[in-house]
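To start, the structure under review is shown below, and the notes come after it.
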Amino acid sequence: MKLALGPLQYYWPRQTTLDFYAAVAGMPVDIVYLGETVCSRRHELRLDDYFEIAARLADAGKEVALSTQTLIESESDLKALRRMVENGRFLVEANEMGAVRLLAQRSVPFAAGPTLNIFNTETLGLLADMGATRWVMPPEAGHDLLAGMQARLPEGMVTEVFAYGRVPLAYSARCFTARRFNLQKDTCEFKCIDFPDGMAVRTREGEDFLLLNGIQTQSAKVYNLLNDLPDLLAAGVGILRISPQSAGIAEVLAAFRAALDGRAAQLAGDYCNGFWHGRPGLELIRKAA
Amino acid sequence: MNNDSANTMNTPPPIELVCPAGGLPALKAAVDNGADCVYAGFRDDTNARNFTGLNFDEKSLQEGIRYAHERGVKVLIALNTYPQDGNWPRWTAAVDRAASDGADAIILADPGLMAYAQRAHPQLRLHLSVQGSATNYEAINFYQERFGIQRAVLPRVLSLAQIEQVIANTSVEIEIFGFGGLCVMVEGRCALSAYATGTSPNCNGACSPGKAVRWEQTPKGMETRLNGILIDRFAEGERTGYPTICKGRFEVDSATYYAIEEPASLNTLEMLPELMRMGIRAIKIEGRQRSPAYVAQVTKVWREAIDSCRRDAARFAPKADWMAELNKISEGQSYTLGAYSRPWK
Numbered sequence: 001m002k003l004a005l006g007p008l009q010y011y012w013p014r015q016t017t018l019d020f021y022a023a024v025a026g027m028p029v030d031i032v033y034l035g036e037t038v039c040s041r042r043h044e045l046r047l048d049d050y051f052e053i054a055a056r057l058a059d060a061g062k063e064v065a066l067s068t069q070t071l072i073e074s075e076s077d078l079k080a081l082r083r084m085v086e087n088g089r090f091l092v093e094a095n096e097m098g099a100v101r102l103l104a105q106r107s108v109p110f111a112a113g114p115t116l117n118i119f120n121t122e123t124l125g126l127l128a129d130m131g132a133t134r135w136v137m138p139p140e141a142g143h144d145l146l147a148g149m150q151a152r153l154p155e156g157m158v159t160e161v162f163a164y165g166r167v168p169l170a171y172s173a174r175c176f177t178a179r180r181f182n183l184q185k186d187t188c189e190f191k192c193i194d195f196p197d198g199m200a201v202r203t204r205e206g207e208d209f210l211l212l213n214g215i216q217t218q219s220a221k222v223y224n225l226l227n228d229l230p231d232l233l234a235a236g237v238g239i240l241r242i243s244p245q246s247a248g249i250a251e252v253l254a255a256f257r258a259a260l261d262g263r264a265a266q267l268a269g270d271y272c273n274g275f276w277h278g279r280p281g282l283e284l285i286r287k288a289a
Numbered sequence: 290m291n292n293d294s295a296n297t298m299n300t301p302p303p304i305e306l307v308c309p310a311g312g313l314p315a316l317k318a319a320v321d322n323g324a325d326c327v328y329a330g331f332r333d334d335t336n337a338r339n340f341t342g343l344n345f346d347e348k349s350l351q352e353g354i355r356y357a358h359e360r361g362v363k364v365l366i367a368l369n370t371y372p373q374d375g376n377w378p379r380w381t382a383a384v385d386r387a388a389s390d391g392a393d394a395i396i397l398a399d400p401g402l403m404a405y406a407q408r409a410h411p412q413l414r415l416h417l418s419v420q421g422s423a424t425n426y427e428a429i430n431f432y433q434e435r436f437g438i439q440r441a442v443l444p445r446v447l448s449l450a451q452i453e454q455v456i457a458n459t460s461v462e463i464e465i466f467g468f469g470g471l472c473v474m475v476e477g478r479c480a481l482s483a484y485a486t487g488t489s490p491n492c493n494g495a496c497s498p499g500k501a502v503r504w505e506q507t508p509k510g511m512e513t514r515l516n517g518i519l520i521d522r523f524a525e526g527e528r529t530g531y532p533t534i535c536k537g538r539f540e541v542d543s544a545t546y547y548a549i550e551e552p553a554s555l556n557t558l559e560m561l562p563e564l565m566r567m568g569i570r571a572i573k574i575e576g577r578q579r580s581p582a583y584v585a586q587v588t589k590v591w592r593e594a595i596d597s598c599r600r601d602a603a604r605f606a607p608k609a610d611w612m613a614e615l616n617k618i619s620e621g622q623s624y625t626l627g628a629y630s631r632p633w634k
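Residue numbers (our numbering), protein chains in the order written: chain A, 1 to 289; chain B, 290 to 634.
Shown next, in the form of structure tokens:
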């Protein structure tokens, strides 16, 4: 089983992002997804910067994939998408069907991302026929769905599961970070750069509930399937996705790597894993030993 | 290739009024008040309005289709949730049922299900549901090439200029939401309800389900909860609202406010001339969960508005009594142009 670092969901200053990926080159991770998947207005790193980081990580022995933007609205979004699709070197993760169309037209293998809503074998089979060699289960799905999918997996298809991080729950046209400051998206002043792990949304009783990250809404709790690793292994999952956060990602990767190597591993935090168990996502289900 | 608008450069193409039918009485109300199409679903999780007491069984659907067809109105069946491995046959059976009952089109989100419908019922017209999250022409053309969809319903996230760009680059008919409840999230890309309650719009066809809702009068005011999570608290005399997560009030960075969206309704009546000029082919009215009286009133106003706009788009303006009628049924709720108007974003 391989470990993957998912695309960076947040907007960090340029140097912070460059330093982060320089460090990732030395972390125990097999696959790194790169690219801006949330908001096309973010520009600390341009696509060419990501191509450069990709080349450096590949030189360091990492498998690199480029992730497309999840919500594509404008012609300039499509232009960026086409450039990514035509990069000629790295696998592309398609996060909406426009990307799938362009990748299939070029007859190149691709990864079917977590927002494609793949919930059944028929849809996965169609994507395999179009060139998908890897699919990421939608984070809201759990082990019951996975078991069925694994039983009839298209030949050569590798399954990836979102295993650690704040869960991307929703995407909007509206920027909720800008909204907090009474700004419109077009003149947002890039406020999200001040929140390296998103802005906490608490209930009026002070309970952490969600996170605002630009046009994306995430879970406040960190999703963590470390304790469910035996199930994931038994199901034949090929890749576990770890989602970047501003601190501690090396420790998280080390813990998952240790567990995969059969060593004891623990992470401390206010975690959830409900989706995996077919429960509300925010729940934490502790399995009886 | 459809060529019926070749000589009509100066007249807008016909625009269909697509109205909600949560049950047979609402269907009849829509038909009687001027809908061109009604849309409906079966009584289970194969559609995105899977609520207790809503939707159609076999008999009521057959009667509804007969009623509509006798009056020249089309019936579209929404099968717009995602079948999951393990319950797939229920969705294909629903496709078969819609076809044999004589539906004029089915509205789908799942590619696998589209492939099935195309294979099993090649004559059946396919519409891409808003739940398919297709927001650009590359995505829409993908569904056309692969599955022969003839119409796409756009998520409520694009501005008018962006919609125009879509229309310029596809031969798929474009349908947009014109009136009613407003999802602020991209449809098909929202798991907020799944996270809080375990009930998912994508897989279960419902958001913020009634079984998870609690209303509680407390000394601090009326509290609404979803699976125990406080969604909002209303002061004495404040207009209360159903605890949909995106319409709740929360604390962010020490401010308490509608962090995601005010509980406003979409109303694009004033944009009608522009929508027609752009070549939008259908306007959808949201509200399968609303009463037959609501459906009747909204349908009647929109029918009048569309007819009036077709007669003379240049001089079109929403009439005061239309707005008054709509305000009456929406119980004082405020209106928004949503994403169609750029500043809203």
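Ideal Cβ positions, reconstructed from N, Cα and C, are used throughout, including at glycine.
The beta strand (DSSP E) enclosing residue i, as first and last residue numbers
i	result
B:G487	Unbroken run through B:G487: none, as it is neither H nor E.
B:V327	326 to 329
B:V364	363 to 368
B:S619	Note, B:S619: premise wrong, no beta strand (DSSP E); not H, not E.
A:M157	First-last for A:M157: undefined, no H or E at that position.
B:C598	B:C598 -> not in any beta strand (DSSP E); alpha helix (DSSP H) instead, spanning 581 to 600.
B:E540	538 to 541
B:W504	502 to 507
Contacts that residue i makes with chain B (C-beta to C-beta distance below 7 Å)
i	result
A:A170	M474, R478, C479, A480, L481
A:L225	The contacting residues do not exist; A:L225 stays about 15 Å from chain B at best.
A:R279	G487
Length of the line joining the Cα atoms of residue i and residue j
i	j	result
A:G61	A:Y21	13 Å
A:W276	A:V237	13 Å
A:L253	A:G142	22 Å
B:M403	B:F468	27 Å
A:M84	A:L66	7 Å
A:R202	B:K536	14 Å
B:T381	B:L397	11 Å
B:C326	A:G125	34 Å
B:E614	A:I118	43 Å
B:K509	B:A485	23 Å
A:K287	A:L267	16 Å
A:P28	A:P114	23 Å
B:A582	B:G361	21 Å
B:N344	B:G353	11 Å
B:E434	A:N182	42 Å
B:A295	B:T459	Here the model assigns B:A295 a pLDDT of 44, short of 50, so the residue's position is not dependable, and the following value carries that caveat. For B:A295 and B:T459, the distance between alpha carbons rounds to 16 Å.
A:G274	B:E464	36 Å
Cβ-Cβ distance between residue i and residue j below 7 Å
i	j	result
A:T68	A:A104	no
B:V475	B:P444	yes
B:I429	B:A441	yes
A:I72	B:N425	yes
B:H681	B:A383	Summary: the structure shown does not reach residue 681 of chain B, with chain B confined to residues 290 through 634, and so no result is reported for it.
A:M295	A:A128	With chain A covering only 1 through 289, there is no way to say anything about residue 295 of chain A.
B:P552	B:A602	no
A:G148	B:D390	no
A:A259	A:L229	yes
Within chain B, the residues that residue i reaches when beta carbons sit closer than 8 Å
i	result
A:S219	Y484
A:D137	According to the sequence shown, residue 137 of chain A is Met rather than Asp. By Cβ distance, chain B contributes nothing, its closest Cβ being about 11 Å from A:M137, past 8 Å.
A:A112	Result: empty, since nearest Cβ-Cβ is about 11 Å, beyond 8 Å.
Near the ligand MN: residue i beta-carbon under 6 Å from a heavy atom
i	result
B:I304	This structure lacks the ligand MN, and indeed carries no ligand of any kind.
Under 9 Å by beta carbon: chain A residues contacting residue i
i	result
B:A405	According to the sequence as given, residue 405 of chain B is Tyr; it is not Ala. By Cβ distance, chain A contributes E122.
Residue i: contacting residues in chain B (beta-carbon distance under 9 Å)
i	result
A:D144	Q373, D374, G375
A:D186	R631, P632, K634
Opening and closing residue of the alpha helix (DSSP H) in which residue i lies
i	result
A:W135	Segment 132 to 136 is the beta strand (DSSP E) holding A:W135; no alpha helix (DSSP H) there.
B:V461	Careful: B:V461 lies outside any alpha helix (DSSP H) and carries neither H nor E.
B:H416	Not the alpha helix (DSSP H): B:H416 falls in the beta strand (DSSP E), residues 415 to 417.
Per-residue contacts from residue i into chain A (C-beta, under 8 Å)
i	result
B:Q451	E73, S74
B:R522	R204
B:A628	A173, R174
Chain A residues whose Cβ lies nearer than 7 Å to that of residue i
i	result
B:T545	R204
Residues of the stretch 64 to 93 of chain A whose Cβ lies closer than 8 Å to any Cβ of chain B, in chain order:
T70, L71, I72, E73, S74, E75, D77, L78, L81
For the stretch 488 to 520 of chain B, enumerate the residues whose C-beta is nearer than 8 Å to any C-beta of chain A, in chain order.
S489, N491, C492, N516, I518, L519, I520
If contact means a Cβ-Cβ distance below 8 Å, which residues of the stretch 428 to 443 of chain B contact chain A?
A428, N430, F431, Y432, E434, R435
In chain order, what residues of the stretch 231 to 254 of chain A put their CB closer than 8 Å to some CB of chain B?
none
Chain A contacts from the stretch 528 to 542 of chain B (Cβ-Cβ distance under 9 Å)
I534, C535, G537, R538, F539, E540, V541, D542
What residues in the stretch 547 to 575 of chain B have a beta carbon less than 8 Å from any beta carbon of chain A?
A548, I549, E550
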